[in-house]
Amino acid sequence: MLEPLEVIASRSTPHPVLGSAVIESIERGVTVTGAIRFGWEGECRRCLDPVAGEVEADVFEIFQVGAPEDEDDIRELDDDTVDFVPIVRDVVLLSLPLAPLCRSDCPGPDPDRYPAKTAEQLAEEAANAEPTADPRWAALEGLTFDD
Ligand SMILES: [Zn+2]
């Protein structure tokens, strides 16, 4: 059982993290390949209603005796044992949703005043908008030139 982990808008539930892994021998170490599954809960990024879900994430780690210190992808293998807790902890933290939605078309808390728009809608509005003059140049609009 892993203690609940939290990122900006979601946290893992206090239920056990489930998973399986295959450990294979390599030169001076082992590789760990597998997958884990865990539940999460959080708040919708638009309406702040509670949301929950389940994540399945792949696990791949390399453990070696005398792992190079400048190599972040290879963990040190101590006493011929593999500690799964830091692996699972890292994968859970990296897999938690940073900005979850209660549903893909969530209209937000007050859709009449603050309608949620897609990136395409915002780009189309910007392309069709009339260019506005900088107010600091407004005095120049009254300027006329004689030939
Ligand atoms: Zn929502």
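Count the sequence shown with this note's numbering and you get residues 1118 to 1264, in order. Glycine residues also receive a C-beta, built at the ideal position from the N, C-alpha and C atoms.
- Assigned with DSSP and collapsed to three states, E1141 falls in strand.
- In chain order, C1219, C1223, P1224, G1225, P1226 place their CB closer than 8 Å to the CB of C1164, counting only its own chain and leaving out the 5 sequence neighbours on each side.
- Distance from the C-beta of L1213 to the nearest heavy atom of ligand 1 is not below 7 Å.
- With at least 16 other beta carbons inside 10 angstroms of its own, V1134 counts as buried.
- The continuous stretches of beta strand (DSSP E) do not include I1125, and DSSP gives it neither H nor E.
- In the structure shown, G1136 falls within a strand segment according to DSSP collapsed to helix, strand and coil.
- Here V1182 really is in contact with R1145; their C-beta atoms are around 5 Å apart, less than 8 Å.
- The C-beta distance from S1127 to P1214 rounds to 5 Å, short enough to fall under 8 Å.
- Taking all protein chains in view, the Cβ of V1205 is crowded by 16 or more other Cβ atoms within 10 Å, so the residue is classified as buried.
- Of the candidates P1185, R1154, E1141, the residue whose Cα lies closest to the Cα of V1209 is R1154.
- Taking C-alpha positions only, T1249 is separated from A1243 by approximately 12 Å.
- For R1230, the distance from the CB to the nearest heavy atom of ligand 1 is not below 7 Å.
- The closest heavy atom of ligand 1 lies less than 7 Å from the beta carbon of D1166.
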